[in-house]
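The sequence shown begins at 34 in our numbering and counts up by one.
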Amino acid sequence: MSSLCEGEKEMPRKKGDYRRVEEELRRIEEDIEFEYGKPFDELSYSEKKQVLLDHFFHGLPEYKESARDM
34 MSSLCEGEKE MPRKKGDYRR VEEELRRIEE DIEFEYGKPF DELSYSEKKQ
84 VLLDHFFHGL PEYKESARDM
């Protein structure tokens, strides 16, 4: 079911500034490599989980077992 009223046309989505996205991703990758001493792809599974939590949730306690334990 569409949220458009009868006779309305869906507007095309605007294109974003992908350069800014690429710059931000590059900055995040550099921060990870600086903090952990290696690129994200080379981190262990538990290190990757911790990096993602640190980045997206800013300072939650270290994630060791499962989210239920937090």
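Each residue gets a CB set at the ideal place from its N, CA and C atoms; glycine is no exception. As the structure is a prediction and not an experimental result, all values here were calculated from the model.
Distance between I65 and E56 (C-alpha atoms, nearest Å): One C-alpha to the other measures close to 14 Å.
Whether K81 touches F73 by CB criterion (8 Å): Using a Cβ distance threshold of 8 Å, K81 and F73 count as a contacting pair.
Status (buried if at least 16 other CB within 10 Å, exposed otherwise) for M34: Residue placement at M34 cannot be trusted, given a pLDDT of 47 that sits under 50; what the coordinates show is reported in the next sentence. M34 comes out exposed.
Beta-carbon proximity of Y69 to L76, cut-off 8 Å: Note that the C-beta distance between Y69 and L76 is below 8 Å.
Cut-off 8 Å between Cβ atoms - residues of its own chain near I61, not counting five sequence neighbours on either side: Leaving aside the five residues that flank I61 on each side, the residues in its chain whose CB is nearer than 8 Å to its CB run, in chain order, H88.
Simplified DSSP assignment, three categories, for K82: Of the three classes helix, strand and coil, the one that applies to K82 here is helix, per DSSP.
Alpha-carbon spacing of K71 relative to S79, whole angstroms: Cα to Cα, K71 sits roughly 14 Å from S79.
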